[in-house]
Ligand code: NI
Ligand code: MN
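Numbering (our numbering), first residue to last: 1 to 229.
Shown next as structure tokens:
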């Protein structure tokens with residue numbers, strides 16, 4: 001009944017979440033990602049989730065979707081962008097909207113950031129993801145600064161794992177991400193979006209130590225490593 005749920009970190013904000021026969025790829029920035037443990041042509045997801053249009057998140061979504069036929073689920077504008085480029089199986093959703101999919105339930109949350117594709121296409125608002133599958137809820141914050149509504153997200157959802165950006169410069173840094181954990185109060189927090197490039201080099205172990213000091217569990221997962229729930 002509750003098959004194991006495995007989260008594999010592909011570096012930056014890219015994750016592969018496996019549960020039963022479902023293989024869900026989030027923010028598939030693989031080509032050009034110095035920490036990606038596998039090339040894009042070896043990924044065989046059944047669904048691809050994209051938080052916003054920036055190249056380090058949209059990544060290889062188009063080529064992987066075309067090769068595998070996996071559904072791409074993103075914001076309305078990103079989904080339309082991919083559809084116009086020939087991805088046949090896309091779903092475009094809006095902030096605050098949730099929907100059941102064969103793999104589980106997905107809801108789009110706010111994220112304070114920006115969103116356009118590398119070639120300049122307007123992508124509306126960026127998003128975070130609340131993914132519930134196999135009885136577990138995962139919050140992938142996308143790229144965002146700290147926002148007080150994280151408290152609402154945490155109070156309305158029993159988050160098992162929060163995947164939070166900590167790299168500063170483009171997103172929350174360590175100090176703000178610590179406050180985000182207090183707002184979200186997840187069972188486990190795993191940092192992401194750090195050390196990929198020089199501007200976002202931070203000490204993830206320091207982040208985990210700081211949240212541990214406030215009574216929250218954190219785990220540094222290195223690229224290529226899987227964590228099972
Ligand atoms: Ni971004
Ligand atoms: Mn980013």
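Don't be surprised by glycine CBs; every beta carbon is placed ideally from N, CA and C.
In this text the structure is predicted, and so the values were computed from the model without any measurement.
Look at residue 27: its beta carbon is at least 7 Å from all of the heavy atoms in the ligand NI. By the C-beta criterion, the stretch 132-152 is judged to be in contact with the stretch 108-116, since at least 3 inter-stretch pairs fall below 8 Å. Annotation: the continuous alpha helix (DSSP H) that includes residue 68 extends over 61-68. DSSP, read as helix, strand or coil, puts residue 192 in strand. Judged by DSSP in its simplified three-state form, residue 229 adopts coil rather than helix or strand. Contact annotation: the stretch 165-182 does not touch the stretch 73-89, with fewer than three C-beta pairs closer than 8 Å. Ranked by Cα distance from residue 152, the options 186, 68, 12, 121 are led by 186. Residue side-chain check: residue 170 places its Cβ nearer than 7 Å to a non-hydrogen atom of the ligand NI. At least one heavy atom of the ligand NI sits closer than 7 Å to the Cβ of residue 56.
For residue 176, the three-state secondary structure derived from DSSP is helix. Contact check between the stretch 52-69 and the stretch 24-41: three or more CB pairs, one atom from each, fall below 8 Å, which counts as touching. DSSP places residue 81 in the helix class (H, G or I) of the three-state scheme.
The three-state reading of DSSP puts residue 92 in strand, counting E and B together. Taking 7 Å as the cut-off, one finds no heavy atom of the ligand MN near enough to the beta carbon of residue 160. DSSP places residue 41 within a helical segment (H, G or I) once states are collapsed to three.
With fewer than 16 other Cβ atoms inside 10 Å of its own Cβ, residue 99 counts as exposed.
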